[in-house]
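Trainee: Numbering-wise (the working numbering), the sequence shown opens with residue 378 and increments by one.
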Amino acid sequence: MYLSVSVSSEVTLVPWSIIKQNDEALTFSALFSKIQTGSFTTIPCSQDLEDALLETVYVGQSKDSFSTVEASHTVNSVCSMFGSFVKFVVTVDLLECGLQSKQLRLESEPSNGLPAFLKEKTRKDRLYNEIVKFLANNNVGWCDPEFGKPFICDLCNVLWYVDGHHEVLASRSCPIPSLFKSFVGFNKPELSKHRKRSISNMSKDKLVEYSTILQNYVVSSWIQQAEWSFLKEGLVTLVESLASYASYLSMRNKAMKLHHSSPEPSVSFSDAQSIKFMKSSSDISPLLTELDTAIKSSSYYTHIFVNDYTPDDKRRRYLFMRELDRGVSEPSVSIYLYSSL
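1) Quick one: grab the DSSP three-state call for Trp-519.
2) Using the C-alpha atoms, what's the distance from Pro-522 back to Ala-493?
3) CA-CA distance, Leu-696 and Ser-457?
4) Find the nearest neighbour of Val-509 within the set Lys-653, Lys-498, Cys-530, judged by alpha-carbon distance.
5) Less than 6 Å between C-beta atoms, sequence neighbours within five positions excluded: which residues of the same chain meet that for Arg-694?
6) Mapping DSSP to helix, strand and coil, what is Tyr-435?
7) Shorter than 9 Å from the beta carbon of Arg-503 to some beta carbon of chain C?
8) Just to confirm the assignment, what range does the beta strand (DSSP E) spanning Phe-494 have?
9) Residues in its own chain within less than 7 Å of Met-655 by CB, not counting five upstream and five downstream?
10) Note down the Cα distance separating Ser-624 from Val-683, rounded to an integer number of angstroms.
11) What do you get for Cys-474, buried or exposed, if any count of 16 or more other CB atoms within 10 angstroms of its CB means buried?
12) Could you check whether the region 555 to 563 touches the region 574 to 594, counting it as contact only if at least three pairs of C-beta atoms, one from each stretch, sit closer than 8 Å?
13) How should Ser-651 be labelled, buried or exposed, when 16 other C-beta atoms within 10 angstroms of its C-beta is the threshold for buried?
14) Please state the DSSP three-state secondary structure of Ser-621.
15) Look at Gln-424 and Ser-461 and say whether their C-beta atoms are less than 9 Å apart.
16) Within the continuous alpha helix (DSSP H) that includes Lys-464, where are the two ends?
17) By how many angstroms is the C-alpha of Leu-664 removed from the C-alpha of Lys-631?
18) Of the residues Leu-591, Tyr-622, Ala-620, Ser-627, which one's Cα is nearest the Cα of Leu-608?
19) In the structure shown, what three-state DSSP assignment does Thr-445 receive?
20) Can you give the Cα-Cα distance for Leu-701 and Thr-389, rounded to whole angstroms?
21) Are the CB atoms of Thr-404 and Leu-430 nearer to each other than 9 Å?
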């Protein structure tokens, strides 16, 4: 079993370690207690670990893919189904543990008139801090650090929203500018109860809202200054990409509503049918045996309903149609294909 313990802010207390666990009745909460008390010689005990409170248990087949499980469940039964990687996420009082120096550093004021770093309680807080670092590395800022905080918050919200959808946007010629390509991997819904990410997570209204917000910054006075030129061009492209994809979603939604409300079929009869001549093959798949036998035993110009010979199972049905493309044993066989309207 592979095991790790980290604080909810993603600070690691126990790096990935291999342990052996044979107790069939041992629960995850009991396993965590054994780790805290130093029962495993391969896992060093620390004051931080002893003071930690178990928050969430994750189990998966790799370090990057997890499912959330109840701490009261037994370890062996869950790991046999979900995988041998176990990750404990805990909460600690940062002011009373060895992480104090890190937290004090996060609370320090960056140079060049930038807002202070946030205390990293979430992955989104970390994204915010990365944006602040990015601006600091480019030696830009505002006279009043608080003046730029709304911009950083809004940019953080936008980059968080599109995180995980860069390829989808690029497929519609709405790419995320390379300037912002490094701000990925922060929004990971699989690590929370909202476990799935889908294209439907992006809405037209939200994209329009975000593009409008960023557009207001594009025309602001401070970004017209020479030192901000590196950001302005990328920001303009980002606004255009968000607005363009919102326009695409709007057209797609209108087309779907029109299709659903129309009494006419979306596919014409001529487009839904075709006739093809089958190949003659001496190597017939077992999936086609019954159909091939029926063809052999039929006289010329006899109609055979192929659907009567297709498997019910979707996977086997797919394989059946694929093998049918390779042909049947009898020559001069044609097949009429159609789809229901």
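Virtual Cβ for every residue (Gly too), placed ideally from N, Cα, C.
Mentor: Per the coordinate set shown:
1) Residue state, collapsed to three classes: coil.
2) Spanning the two alpha carbons is a distance of roughly 8 Å.
3) 31 Å
4) Of the listed residues, the one whose Cα sits closest to Val-509 is Cys-530.
5) Thr-687, Pro-688
6) It is a strand residue.
7) Annotation note: the requested chain C is absent from the structure, which comprises a single protein chain.
8) Run containing Phe-494: none; DSSP gives neither H nor E here.
9) Here the set comprises Gly-704, Val-705, Val-710, Ser-711, Ile-712.
10) 44 Å
11) With a pLDDT of 44 at Cys-474, under the threshold of 50, the predicted position of this residue should be treated as unreliable, though the coordinate-derived value follows. By the 10 Å Cβ count, Cys-474 comes out buried.
12) no
13) exposed
14) helix
15) no
16) Segment 462 to 468 is the beta strand (DSSP E) holding Lys-464; no alpha helix (DSSP H) there.
17) 43 Å
18) Leu-591
19) The three-state reading of DSSP puts Thr-445 in strand, counting E and B together.
20) 55 Å
21) no
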